[in-house]
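Have a look at the structure below before the remarks.
Chains as they are written, first to last, in this note's numbering: chain A, 2 to 416; chain B, 2 to 416.
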């Protein structure tokens, strides 16, 4: 038996939420724990209390909104995402996952359905990391990755601490960090990439999150006159960087599965001049792969290409790994639950790995977790132009609804 | 019969001149038509008048310092270069060519030798182009490449015109532009490149100046998320630039003659971010070759590589040629005169093309011209660390002396 969510109501909720902190070009600006973010949370709470849900807040402002089940001694099945946005964010990133959860609760309320387990709609604080770095800090705190005191002491650009912002907005709660424990967690999100749209699929069943490694690289050659220095006497730092970029890019592109990703986002020449051979180039390297061992291999490839340009161009290289995020594999049963829900509705879907980080990554450390994606136009996100169709939002919410109900009625899962 | 120049005296003159506008790290700062430049000129004039030479100044401040010959109705044989420097210039760039000419005049004076033709030591104004753009503007005016009024109206960074600076320093002369016409012109200069030093040669006989073409290039791709965008969906402007740079660099390096030169001196990513695929990259391209037809071929190669990256990366390119300087071939007889002088002394030398522009380039349009180079340490120039040994300076001056005397005693040349 499938209970149908109300796609029009979901869309109206999304559009109503977007009015809070609305930006001139159709996006939203609700930086974490500002008055706008607080207003968004209050609107959500108002909607949830209308249908009899109970709101609790933990010590880092995470909202846990409970719809009781028949067996409230059991761990809840949970869903959610975040309501905070980038400074010029869109209407869907994070918000969709929260409001689709609300739509599920409303649908159950409409149909007077009470699940065996309680359901929990969660709003994680400061997912974006735009106001307080790093991103996903509150779900990370919930999962024990960050110490509470450390999180509360984090400062924004004006020196306001996370703790002060919680007090000012009234979202410093009493629920102990790490509570409630969850039977499972499902997060619906826009893809923030082009794959589903290009492949004309409505749903991505997210089986995990790719691993990522960040590097800062400096290449040191020698400055010399472009007119008087024959090629064989040069130590051209930019030409060496170009060789490296081209080699690694070609290597990644050769993997047509799309699982290998290589990006050089920043490149700067020290003291550039049109007729001087570049002496020093600084650049960033971003390596990603869905398999940890393959990420190791990719990093080895980076090292071997660096050795090659060192020899070929007579340059010195300095490579520093500044960050690494390991591959995350989501829970197989949770993935299967989402896949079953998509299949039952005949929704065209594919399995995929997430290319971006999400709260679900940290939650997956302490609870069985999976995610689902819907397409977003041109893969654009973190941008006022971010857009997903009402139809895709509804299909995502329906799949989420079906999986949540199935899991909440199962007493087997992680009781 | 060879008359020996005095290498020690030449070196002392170089060091004395370097004291005018001396910089903390051993260089000189005599920007064109400043008080320092004027002081340098006055020192030279004092030295020349001591040995009976006559000074004339043309309408753009070029100095013509004559040592009469037996046949003053004939065109003079000339040598010279410039005394102005970069803001943090060295002690040799330009200065050597002027003071080696002075040393030749002094040597003739010491030996009471009077040549058939008069000799003319020339100081060209504002060769560097650091104060008034473009470089070599006054030799260009002498040669008819630039209109006098245009040159006089050129402004420095403070809005002072070339004409005002001439008046203020007292170097606005009466000699008509283009006078005197020259039987031949020889310019001694430091190489400003690494070839002679690397090949352990004391003299470069310069047969011409390579051609050069400058381009501004923009590559337009699309910004996208480094984590969520598979390689096959990317339009990475930096990766496209890297392919272009690597291909053209490799092509140039493949020509082991050293005649092909390709430099990308500037490269800038618009709005760089470590985890965003670069959407737009702007760069400069500098192509050089000693053969004009080969320079055409090199430019065609640039176009074909651009077509290739356009197809491969799905980017748009915008290429603008901002400047072109054709290949210059110096006068065969003048080149032969210098080569004969080097050979007679058993100086290890090679023929070579100049990679940089010099006053001789413009002079070669109106008079038979050639240049000779001596090595400079590590090829460094336009830098306080610029250095040539006293021995190399002396060998250069001796070669210049021999060629000047031979030409000044020949009545055949371009009479």
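Every residue gets a Cβ at the ideal spot worked out from N, C-alpha and C, and that includes glycine.
Task: CB of residue 52/A within 8 Å of CB of residue 110/A, strictly - done: Yes, these two residues count as a Cβ contact at 8 Å.
TODO: Quick one: using the 10 Å Cβ neighbour count with 16 as the cut-off for buried, is residue 13/B buried or exposed?
DONE: Under a 10 Å Cβ-count criterion, residue 13/B is classified as exposed, with fewer than 16 other Cβ atoms of the shown protein chains found around its own Cβ.
Open item on the list: Among the candidates 25/A, 350/A, 326/A and 62/A, whose CA atom is the shortest distance from the CA of residue 43/A?
Closed with: Sorting 25/A, 350/A, 326/A and 62/A by C-alpha distance to the C-alpha of residue 43/A places 62/A at the top.
Open item on the list: Taking the alpha helix (DSSP H) that residue 305/B belongs to, which residues open and close that run?
Closed with: Segment 293-314, the alpha helix (DSSP H) holding residue 305/B.
Task: Partners in chain B for residue 356/A, counting only beta-carbon separations shorter than 9 Å - done: Chain order gives the chain B residues near residue 356/A as 226, 227, 228, 229, 230 and 231, where near means a beta carbon separation below 9 Å.
- [ ] Taking 8 Å as the threshold, find out whether the region 355-373 of chain B comes into contact with the region 131-140 of chain B through three or more Cβ pairs.
- [x] Result yes; three or more Cβ-Cβ pairs closer than 8 Å.
TODO: Determine the chain A residues that contact residue 37/B at a beta-carbon separation under 7 Å, and present them in chain order.
DONE: Residues of chain A passing the Cβ test: none, with the nearest at roughly 24 Å.
TODO: Flag this pair as yes or no: are the beta carbons of residue 406/B and residue 116/B separated by less than 8 Å?
DONE: Yes.
Open item on the list: Let me make sure I understand the geometry here. Which of 287/B, 279/B, 288/B and 148/B has the alpha-carbon closest to that of residue 284/A?
Closed with: Minimum Cα distance to residue 284/A is reached at 279/B.
TODO: Could you name the residues of the same chain whose beta carbon sits closer than 8 Å to that of residue 418/B, not counting the 5 residues immediately before and after it, in chain order?
DONE: Absent from the structure is residue 418/B, since the part of chain B shown begins at 2 and ends at 416.
TODO: Going by CA-CA distance only, name the one from 389/B, 382/B, 377/B and 337/B that's closest to residue 408/B.
DONE: Nearest to residue 408/B by alpha-carbon distance, out of 389/B, 382/B, 377/B and 337/B, is 337/B.
Open item on the list: Less than 6 Å between C-beta atoms, sequence neighbours within five positions excluded: which residues of the same chain meet that for residue 245/A?
Closed with: Short of 6 Å from the beta carbon of residue 245/A, and not among the five residues preceding or following it, lie these beta carbons of its own chain, in chain order: 306 and 310.
Open item on the list: Between 122/B, 33/B and 209/B, which has its C-alpha nearest residue 326/B's C-alpha?
Closed with: The option with the nearest alpha carbon to residue 326/B is 209/B.
Open item on the list: Using DSSP's beta-bridge definition, name the partner residues of residue 324/A.
Closed with: Its beta-bridge partners are 215/A.
- [ ] Could you check the C-alpha separation between residue 201/A and residue 313/A for me, to the nearest Å?
- [x] In a straight line, the C-alpha of residue 201/A is about 45 Å away from that of residue 313/A.
Task: Exposure of residue 402/B, with buried meaning 16 or more beta-carbon neighbours within 10 Å - done: Within a 10 Å sphere around the beta-carbon of residue 402/B sit 16 or more other beta-carbons, which makes this residue buried.
Open item on the list: Short of 9 Å Cβ to Cβ, which residues in the region 267-278 of chain B face chain A?
Closed with: So the list reads 267, 268, 269, 270, 273, 274, 275, 276, 277 and 278, given in the order they occur along the chain.
Task: Close-in-space but distant-in-sequence residues of the same chain around residue 352/B (CB under 6 Å, 5 per side omitted) - done: Beyond the five residues adjoining it in sequence on each side, residue 352/B comes within less than 6 Å, by CB distance, of 206 and 208 in the same chain, given in chain order.
- [ ] Specify whether the region 225-241 of chain A and the region 374-394 of chain A touch according to this definition: at least 3 beta carbon pairs, one from each stretch, less than 8 Å apart.
- [x] No, the region 225-241 of chain A is not in contact with the region 374-394 of chain A.
Task: Helix, strand or coil at residue 266/B according to DSSP, with G and I counted as helix - done: Coil.
Open item on the list: Any contact between the region 382-398 of chain B and the region 188-198 of chain B? By contact I mean 3 or more CB pairs, one from each, below 8 Å.
Closed with: Judged by Cβ distances under 8 Å, the region 382-398 of chain B makes contact with the region 188-198 of chain B, as three or more pairs qualify.
- [ ] Verify the CB distance criterion: does residue 285/B have a CB-CB separation below 8 Å to chain A?
- [x] Cβ-Cβ to chain A under 8 Å: yes for residue 285/B.
Open item on the list: Please give me, in chain order, every unbroken run of the alpha helix (DSSP H) with length at least 4 that falls completely inside the region 41-111 of chain A.
Closed with: Segments of the alpha helix (DSSP H) lying fully in the region 41-111 of chain A: 96-111.
Task: Check whether residue 215/B and residue 48/B have beta carbons under 8 Å apart - done: Taking the C-beta atoms as reference points, residue 48/B is found no nearer than 8 Å to residue 215/B.
TODO: Give me whichever residues DSSP pairs with residue 287/B in a beta bridge.
DONE: The partner list for residue 287/B (beta bridge, DSSP) reads 215/B and 264/B.
Open item on the list: Taking 8 Å as the cut-off, does the region 173-181 of chain A touch the region 385-399 of chain A (at least 3 CB pairs, one atom from each stretch)?
Closed with: These segments do not touch.
- [ ] Go through its chain and collect everything with a Cβ distance to residue 242/A's Cβ below 7 Å, but skip five positions before and after it.
- [x] For residue 242/A, where only same-chain residues beyond five positions count, the Cβ hits under 7 Å are 220, 268, 282 and 284.
Open item on the list: If we define contact as Cβ-Cβ less than 8 Å, is residue 262/A a contact residue for chain B?
Closed with: Cβ-Cβ to chain B under 8 Å: yes for residue 262/A.
Open item on the list: Does chain A have any CB closer than 8 Å to the CB of residue 246/B?
Closed with: Judged by the 8 Å Cβ criterion, residue 246/B is in contact with chain A.
Task: Interface partners of residue 81/A on chain B, CB under 9 Å - done: None at all; the shortest Cβ gap to chain B is about 21 Å.
Open item on the list: If distances are taken between C-alpha atoms only, which option among 316/A, 174/A, 368/A and 133/A comes closest to residue 330/A?
Closed with: Closest option to residue 330/A, judged by alpha-carbon separation, among 316/A, 174/A, 368/A and 133/A: 368/A.
Open item on the list: Is residue 289/A close to chain B? Criterion is C-beta to C-beta, closer than 8 Å.
Closed with: Residue 289/A counts as touching chain B.
- [ ] Could you list which residues in chain A have their beta carbon closer than 8 Å to that of residue 257/B, in chain order?
- [x] Within 8 Å Cβ-Cβ: 233.
TODO: Indicate the three-state DSSP secondary structure (helix, strand or coil) for residue 185/B in the structure shown.
DONE: Looking at residue 185/B - three-state DSSP - the assignment turns out to be strand.
Task: Range of the contiguous beta strand (DSSP E) that encloses residue 121/A - done: The continuous beta strand (DSSP E) containing residue 121/A extends over residues 120-124.
Task: Straight-line gap, residue 146/A to residue 227/A (C-alpha atoms, nearest Å) - done: Cα to Cα, residue 146/A sits roughly 52 Å from residue 227/A.
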